[in-house]
Structures are given as C-alpha cells and as structure tokens.
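According to the UniProt record's numbering, the stretch in the sequence shown is residues 1 to 96, in order.
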Amino acid sequence: MPLLEGSVGVEDLVLLEPLVEESLLKNLQLRYENKEIYTYIGNVVISVNPYQQLPIYGPEFIAKYQDYTFYELKPHIYALANVAYQSLRDRDRDQC
Numbered sequence: 001m002p003l004l005e006g007s008v009g010v011e012d013l014v015l016l017e018p019l020v021e022e023s024l025l026k027n028l029q030l031r032y033e034n035k036e037i038y039t040y041i042g043n044v045v046i047s048v049n050p051y052q053q054l055p056i057y058g059p060e061f062i063a064k065y066q067d068y069t070f071y072e073l074k075p076h077i078y079a080l081a082n083v084a085y086q087s088l089r090d091r092d093r094d095q096c
C-alpha cells in the first residue's frame, strides 16, 4: 500500500516492521502527536483519544469518505462506517 500524501508514521499497523509492542506504541504516539488519531490494523480502526476537538468531523468529511474504499484516504471512523454501510447495501437482505 503506497503512503498517502501527508502520511505520518504507518497508517496500517499490519505493515509495521517489526510488529512488536515497542514499534506499535511508538507509531501510535507519533501519529497522536501529529493529530492523526485513527490508525488501521487490517480492517479494524484504532482510535486514540486526542483530549481536544479536532476539525475532522462533519458533513464535508462524511461526503469525503462516502465513495472511497478503505485505504484510499487517511484512516478515519467514517471509512469504517462506509465499508459497513456498503456491505449491508450490497447484501440486500435483512440483518436478522
């Protein structure tokens, strides 16, 4: 997976080498310090509480993530929500 423009650290921990506790924590800390609070680990989104408001929510971000696949934009909870929605829509059947 190529790095996205403006990437900080490794956006998907599956790609982290070596994948050990120390490098994982350093990567999350680096991303946190740069206000990148979301990180993927495969198809899971890890979120680190920034203890402040960040301008990464709202209608413009929802629209931004609406038509993209998981790794085309920076990690975000909206990307995960979009994947879940697309999966439900594509199955076209009741959830129960």
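For glycine and all other residues, C-beta sits at the position ideal for the given N, C-alpha and C. These figures come from a predicted structure and were not determined experimentally.
Residue 16 and residue 24 closer than 8 Å at C-beta: Residue numbering aside, residue 16 sits at position 16 when the sequence shown is read from its first letter. Residue numbering aside, residue 24 sits at position 24 when the sequence shown is read from its first letter. Yes, the pair counts as a contact, with Cβ atoms nearer than the cut-off.
Counterpart residues of residue 44 in DSSP-defined beta bridges: On the sequence shown, position 44 is the one that residue 44 refers to. Beta-bridge pairing links residue 44 to 41.
Can you check whether the CB of residue 58 is closer than 8 Å to the CB of residue 30? In the sequence shown, residue 30 corresponds to position 30, counting from 1. In the sequence shown, residue 58 corresponds to position 58, counting from 1. Taking 8 Å as the Cβ cut-off, residue 30 and residue 58 do not qualify as a contacting pair.
Burial state of residue 85, where buried means 16 or more other Cβ atoms lie within 10 Å: Counted from its first residue, the sequence shown places residue 85 at position 85. Per the 10 Å Cβ criterion, exposed.
So the alpha helix (DSSP H) residue 61 belongs to, where does it begin and stop? The residue given as residue 61 occupies position 61 in the sequence shown. 59-66 is the extent of the alpha helix (DSSP H) around residue 61.
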